[in-house]
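Numbering (our numbering), first residue to last: 8 to 1029.
The beta carbon of each residue, even a glycine, is placed where N, CA and C say it ideally should be.
The structure appears below as structure tokens.
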Ligand SMILES: [Zn+2]
């Protein structure tokens, strides 16, 4: 099947010229590989039935109903209530312990209960009658309004880009709609075909039918209890656990004996925490609308919904939190206050994050030859927070405080409210995010064509495992998703111990191979036509891909010259830049094997790093698809993608049965997702803060900017900040991310993303507006950065201490005196201990993992979005066996998550756990043969391989499970690698290692961890 060499050439649909000038990056949204057995549901017609260029209906056109901004109904309107009241202006000190604390999550111990850690025999029984209330939420602190607009003077930042002259007239009205929403059948936006960028077709889309995950009929916006810190107190009943799960009186797992790093403190404690009352994630299936700014005044702390929840953004001045969000939604006035809080101050920037389908597109503004208006001192771009004064003749920069002269052509009178009368008509004055057309000043050369160069390992092992065939098939199928037009160019080479280029223009039956034998001194054959426009070579390319597995069928060369191959590929595309996509199976010849365990997570030598920097300078972005069955030293080779804005894909152990589908989908999404090339990014912030560090997949050659040969919708960059001055209470701190890039259609653009947050002197405000998901993601990335250079035990300790220090600060300065015996968690961060525990038990921080698994985890986390960071560490688990008894739709089925505790696993049950990368299906040992037959097509799992190809059978259970798996794939933009895990088998033990709430030989249970955290806090206070 998929592992076999590509079959006869697929019939191509007739080419229908696109009536629109700009072609869609996904002209053929319906194509799915023929080998997909598990995407049968809702499968669109085969490619040949869908003419290219025919756009699907646009359900989210302007005529489509939009959810009301603030749904009526009981309870507060979400985004209004989201803004907690501010502290009184002028109050400088942190609140005293006697002050009413902000909302807290209090977990009180049961004095005199058995030692913590002993599993309760009735985990979900009601608390004993003598137990105190185990959970209380204190009222929010009231406070006054918040006004003011900073005029923060300060020295200019240096210039990132050439400043265009500002005296030129404004040409044309701001054009619009570059980034339009998708049809309802698409979970993520899909553009009208004239729009290149905003919403490509997701990889695993269903048909344009009623299956829309975000379709209009599904819009029933409801106020969401607990969605925002400060809105509604969470219920006492443990959220997220379906009632039937709560009623299951499962016997506790057998007590695990063994080493526990914290056993010394916790074993002697007489405390017990009711496991029924401890905080757990509360998934919701309803959608809220979030307005990024309340009114035009600079006065509101508008806390965005959790990154992992479902929401629709209305850009009313600040950017969508999908594009950029801060670890806290107030900025501490001083560095001291920030240190006191122990919280991180960082932004997660995901400049191409997929919008919700019903969100408005980012608007494109063309200032003509003059280019965008900028501050003449710090070069910040015009944005809604720049204040026009003096009848509009001047404007004050919100980043550096400089008073600029307004050019005559940009002049406009001010209204009675002090705003320009045209502010609402100009996207750059009313939207948090806009794109500017870049002028010549922003180009060092003409924008590059979209070049895709494929490098395929054909060494003996790659051929024999089916990896070469899988790569060829995937490329052959995915090239139909490459952007159309003369701008798109392709090239291909294969390699074992030598490198083979191919002339793609040659019209003959036999491809012309050009061999580069000397891998010590790589060169590119003196030959044009190695990289040619796709339109001129499509047929030759497809033929070549079809014959490669046969050409090397009996290859006995075991070595694989990975380093020389990427160098040769690079040389071929050096003059243009572009994407170099490497399909690698064997161990690179160049990786020197010296093995000191703790050093192995660092690159073995500097060769790859040096190479990668050269690649980045020439705008070559490298993605590596590792289809391997051996150790390949990911720590060494991942340096190349991580320096060039690319990424590593890892298929281990590669299975020719189950992995080709994932390989194809990964490749397809890679080339069809929203992305840009030859990008430069800079984040500016108000005087008072400065950028401390950027973290992610990029190359940094100057201190202020990062170079991104490639940047796409999945990549996130973390930016940390430190104070270099003070802010005044009531002022605002602005952040502006400017990303200069080239679209896949060769247009140069500047995407400008603005966020302005109020400053505070009150610690309680920091805690109230803390952003759990963002803070946790920052911990995760810190851990990943530390792993290669720090012993694992130390990283685990560091991460635990980060959590303890934050909770200690809250306990010491924000909680009331009367609560001394209680563990008090700030409402906004009540899940921090659970996520911290999950992190220290994760693949990256476990002692027992494979080196390559850990290195892959580190490289994966480096660019991971907030949306995927949380499930990577705290996966989603649902039961599958009872699907047929539920009437719910996919979304509701996915919302019924179970806590990650083996208490929730029944022997007669089947469970799915997914973390965005992998999907593990756990089958108990008492599952009825009927259920197995329905789901897997066999009445016994004996002999069934663990690497699962989920098939669809003609029954309700199978259909629902397939629908849910596909829904997850859409949500995650990731084709889950499915794996069967059986109780009583090593695979079952592997599954149980994700039960992070359990006590394990090397780690504490969740309850024990809370007790440990509590003890540590008490020790610090005493
Ligand atoms: Zn400025």
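Query                                                                                                                                                                            : Result
How about residue 783 and residue 876: do their beta carbons lie closer than 8 Å?                                                                                                : yes
Report the option in 1021, 411 and 1004 whose CA atom is closest to the CA atom of residue 288.                                                                                  : 1004
Among residues of its own chain, excluding the 5 on either side of residue 997, which ones have a beta-carbon nearer than 7 Å to its beta-carbon?                                : 988
Compare the beta carbon distance of residue 655 and residue 716 with 8 Å and say whether it is the shorter of the two.                                                           : no
State the Cα-Cα distance for the pair residue 819 and residue 831, rounded to the nearest angstrom.                                                                              : 10 Å
Span of the alpha helix (DSSP H) holding residue 878?                                                                                                                            : 873-880
Could you tell me which whole beta strand (DSSP E) segments of length 3 or greater appear in the stretch 719-766?                                                                : 724-730 and 739-749
Determine the contact status of residue 868 and residue 353, defining contact as a CB-CB distance below 8 Å.                                                                     : no
Could you tell me whether the Cβ atoms of residue 844 and residue 1013 are closer together than 8 Å?                                                                             : yes
Starting from residue 540, trace the alpha helix (DSSP H) in both directions and tell me its first and last residue.                                                             : Run containing residue 540: none in the alpha helix (DSSP H); it sits in the beta strand (DSSP E), 538-540.
Using three-state DSSP, classify residue 369 as helix, strand or coil.                                                                                                           : coil
Nearest-angstrom Cα distance between residue 1061 and residue 622?                                                                                                               : In the structure as shown, the chain starts at 8 and stops at 1029, and residue 1061 therefore has no counterpart that could be examined.
Quick one: is residue 946 buried, meaning 16 or more other Cβ sit within 10 Å of its Cβ, or exposed?                                                                             : exposed
Would you mind reading off the limits of the alpha helix (DSSP H) that contains residue 1021?                                                                                    : 1013-1028
Given this structure, state the Cα-to-Cα distance separating residue 632 from residue 410, to the nearest angstrom.                                                              : 51 Å
Evaluate contact between the stretch 413-424 and the stretch 445-454, counting only Cβ atoms and requiring at least three cross-stretch pairs below 8 Å.                         : no
Tell me the DSSP bridge mates of residue 885?                                                                                                                                    : 919
On the three-pair Cβ rule with 8 Å, is the stretch 327-343 touching the stretch 679-686?                                                                                         : no
Under 7 Å from any heavy atom of ligand 1, does the C-beta of residue 387 make it?                                                                                               : yes
Quick one: measure Cβ to Cβ for residue 512 and residue 544, integer angstroms, because I've assumed they're closer than 8 Å.                                                    : 6 Å
Alpha carbon to alpha carbon, how far is residue 735 from residue 270? Give it in angstroms, no decimals.                                                                        : Interpretation of residue 270 is limited by its pLDDT of 27, a score under 50 that renders its predicted location unreliable; the figure taken from the coordinates is listed afterwards. Looking at the two C-alpha atoms, the distance is approximately 46 Å.
Among 816, 296 and 615, whose alpha-carbon lies nearest the alpha-carbon of residue 366?                                                                                         : 296
Is the stretch 663-683 touching the stretch 879-899, taking contact as three or more C-beta pairs under 8 Å?                                                                     : no
Residue 560 by DSSP, collapsed to three states: which one?                                                                                                                       : coil
Taking the straight line between their C-alpha atoms, what separation do you get for residue 943 and residue 657?                                                                : 26 Å
Over what stretch of residues does the beta strand (DSSP E) that includes residue 925 continue unbroken?                                                                         : 925-930
Within the same chain, show all residues whose beta-carbon is closer than 6 Å to that of residue 1020, passing over the 5 residues directly before and after it, in chain order. : 811 and 840
Are there 16 or more other CB atoms within 10 angstroms of the CB of residue 765, so buried, or fewer, so exposed?                                                               : buried
Whole-angstrom Cβ separation of residue 591 and residue 567, contact assumed at under 8 Å?                                                                                       : 7 Å
Just checking, does the stretch 657-672 make contact with the stretch 613-621 on the three C-beta pairs under 8 Å criterion?                                                     : no
Do residue 856 and residue 847 have their C-beta atoms closer together than 8 Å?                                                                                                 : no
Where does the unbroken alpha helix (DSSP H) through residue 409 begin, and where does it stop?                                                                                  : Segment: none, residue 409 is in no alpha helix (DSSP H) and carries neither H nor E.
Are there three or more Cβ pairs, one per stretch, closer than 8 Å when the stretch 690-708 is compared with the stretch 503-512?                                                : no
Express the C-alpha separation of residue 915 and residue 908 in angstroms, rounding to a whole number.                                                                          : 16 Å
Please list the terminal residues of the continuous beta strand (DSSP E) segment that includes residue 833.                                                                      : 830-833
Can you pull the DSSP bridge partners for residue 501?                                                                                                                           : 463 and 507
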